[in-house]
Structures are given as C-alpha cells and as structure tokens.
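A.B. asks: Residue numbers (my numbering): 1413 to 1735.
Backbone N, C-alpha and C define an ideal beta-carbon position, used for all residues, glycine too.
Input: one structure, supplied below.
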Amino acid sequence: MGPAGCGKTHVACAIANHNVGLGRAAFYIGAADLLDHLRSAFSPTSEIDYDELFERVKGTPLLVLDDLYMEGATAWAKEKMEQLLNHRYNARLATVVTTDVPPGKFDERLGGHFRDSEFCRVCMVGQRSRLDRLGSLGLELLRNMSFESFDHKRLELSLEQRQNLEQAFQLAADFAESPEGWLIFQGVNGCGKTHLAASIANRRVAEGKPVFFVVVPDLLDRLRSSYGQDSRIPYDEFFEEIKQSPVLILDDFGEQSGTPWAQEKLYQLINYRYNARLPMVVTMCLSLEEVEGRISSRMVDPKLSLVFNITASDYRGDVKVGR
C-alpha cells in the first residue's frame, strides 16, 4: 500500500513478470478491469462464460490484483471482490494486492484477512519514518505476535486468572482500535504483556497507522549510540522523534534504568508525553513502588493512565513434556 506513483504497481508487475520468466503461472490484472471483464462475461457473445472466468481467476496459482479500491463500489463489485479474496485466503493461494487505501478502511470481511499477520504481510511503499528502522518489530518473534495468536483462554489457569487475562486482551484490543491515554501492563515474565503490546503495534502497522514499538534497554542503547558522529540520526533528532511519536510502546520498562543517565532520559520521555497527553503503552515486571518516583507519579494519574496487573503465570512454564 502507498500513495499513487510510489512504485507499488511496478513492484507488483515485477513479481508477476519474474514468475512468468521462471515458467510459472501468474495472472496480473487491475481490479477495475477484472470487474469489467466479469460483467462482460454475462453477455451471450462473450468468448468465455462468467463462471469459467471467475473460477480461473479464483484458482490461479499467483494472482496480482492491482489498485484495489472499494470505496464507492457497487454492492455487486464488493461481493465479487470479497468472494475472490475469501476463496484465496481460505485456500492459502499466493496473492499480491496493491492499494492506496489503508487496510483498516476496508470492510471487516476483507480487513480481517489483511490483519492476519500469520498469512498476510502489509508493506508500506513510499517514505518511511526513520524510527521504523530503529524499532524492535523487525525481530521475527515480535513481528509474528498478533491478537489472533494470543491465547487468552489458557485452561491451566484458574477461572479468576482467565478472566483477568481476557480483560487484559480486551483492553489491548480497544487501545489498538482507538489509542487514548496510557495503558500500563504489569506482570511476571511470560504472562503475555509483551505479546499484547506487540499485537497493538502490529495491528496498527497492518492498518497503515503510525506506531513506534521498542524494548527499553534497546532504546537506551540506541540513544547512547546516537551521540556518535557516524549515527544515522543525530541524538537530538532521534530523541525528539521518539518523544513525539503518535503512539509509543515501551516494552520491558525499568529493567535497565538504574543509572542516573538512563533514569533522566526515561523521565524526560515520560514527562514530555504526560504533558502532551500522547498515547502510550508500557509493559513492566516491576511494581510501581520500584519505579523512580517522578515517573511512577505520572503513571498512576487516573485522568490519563490505566495500570493493569496481569495475574497469569509464565505461559512458557506451562508447556507439558509429551511421553
């Protein structure tokens, strides 16, 4: 996805041409042209009847569908596109789609497929924020964390713990839909707080919305390295971009904030976002009593922040060894 002229059609055509060059079947067509061909296939003079044409497109090994745009489309056009993409999604057939519409604006029947991070990758074509290259979502484990893969009904937990985990899941899903205020998840290592935070970030990325997800120790390391002359982003610019990020997600807060320098940088970051009322998600294993006082006093402000303690145990310790 990306704006007109950014190169997404060129890349999509290159995928199709590369496969044809390797002797593989590939079908490239503009979404509007496909709908025109389907309409004309109803005509008695058509060289191919409608059912045959539609089945060929639905079943082609590689489909490249260019310029998918559903806003203002007729009910018939929407139904045809939904039938086509639902079939290919369920059959797990290779498909490339280009669009200048953020997936979040598509009907839920299509948007849900686009947000399935285990099957679909949304690539932003065009200018990227410099922060995108410095966040932690590039790590494979974090990139694959989603709401769909989160198990909030762990049967080994007590009823109270399951209800607590389901509430945390709903809080994260609501925040991803409409980020407001601060959402702070506390809990032991492995309870699911990082998975929920990464799910929020990945959902927003899939919908083409801004977010910066970073593990706090990594953030501090990158801030230190930005002092160097060979840094890709000067320290001042880097820190300002983080402070002003539309949605900031800080994972593993407080684990490596013991030095005066680290405490001061984190306080400056938290204080700026507190005063600017910018949305933020924080995960931590610490209690608020263990957090530096200037920071914890802002985290507990009920006008801005919701602190939620996840009571579930470490899910990694629940794996049973088979006999």
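Between Y1727, A1724, T1723 and Y1684, which has its C-alpha nearest I1707's C-alpha?
C.D. replies: Checked all of Y1727, A1724, T1723 and Y1684; the closest Cα to I1707 is Y1684.
A.B. asks: Output the distance between the C-alpha atoms of I1682 and R1710, rounded to the nearest integer angstrom.
C.D. replies: Using only the alpha carbons, I get a separation of about 8 angstroms.
A.B. asks: V1476 lies in the beta strand (DSSP E); which residues open and close that run?
C.D. replies: Note, V1476: beta strand (DSSP E), L1474 to D1478.
A.B. asks: What ranges does the alpha helix (DSSP H) occupy inside the region 1428-1504, keeping only unbroken runs of at least 4 residues that lie completely in it?
C.D. replies: DSSP runs (the alpha helix (DSSP H)) wholly in the region 1428-1504: 1443-1452, 1462-1471 and 1487-1503.
A.B. asks: Where does the unbroken alpha helix (DSSP H) through F1651 begin, and where does it stop?
C.D. replies: Residues Y1647 to K1655.
A.B. asks: Considering only their Cβ atoms, is the gap separating D1528 from A1736 smaller than 7 angstroms?
C.D. replies: A query on residue 1736 cannot be resolved here, the shown segment of the chain reaching from 1413 to 1735 and no further.
A.B. asks: Work out the CA separation of Y1440 and T1510 for me, nearest whole Å.
C.D. replies: Approximately 11 angstroms between the Cα atoms of the pair.
A.B. asks: Can you tell which of D1664, K1470 and R1533 has the C-alpha that lies nearest to the C-alpha of G1620?
C.D. replies: The residue with the shortest Cα to Cα distance from G1620 is R1533.
A.B. asks: On the criterion of 16 or more Cβ atoms from any shown chain inside 10 Å, does R1615 qualify as buried, or is it exposed?
C.D. replies: Counting Cβ neighbours within 10 Å, R1615 comes out buried, since at least 16 surround it.
A.B. asks: Residues in its own chain within less than 7 angstroms of A1585 by CB, not counting five upstream and five downstream?
C.D. replies: Excluding residues within five positions, the ones whose Cβ falls inside 7 angstroms are F1559.
A.B. asks: When the Cα atoms are used, what is the spatial distance from V1423 to V1617?
C.D. replies: Distance between the alpha carbons of V1423 and V1617 is about 20 angstroms.
A.B. asks: Distance, Cα to Cα, T1472 vs A1437?
C.D. replies: Each residue's Cα considered, the two are about 7 angstroms apart.
A.B. asks: From what residue to what residue does the beta strand (DSSP E) around L1662 run?
C.D. replies: Unbroken beta strand (DSSP E) run through L1662: L1660 to D1663.
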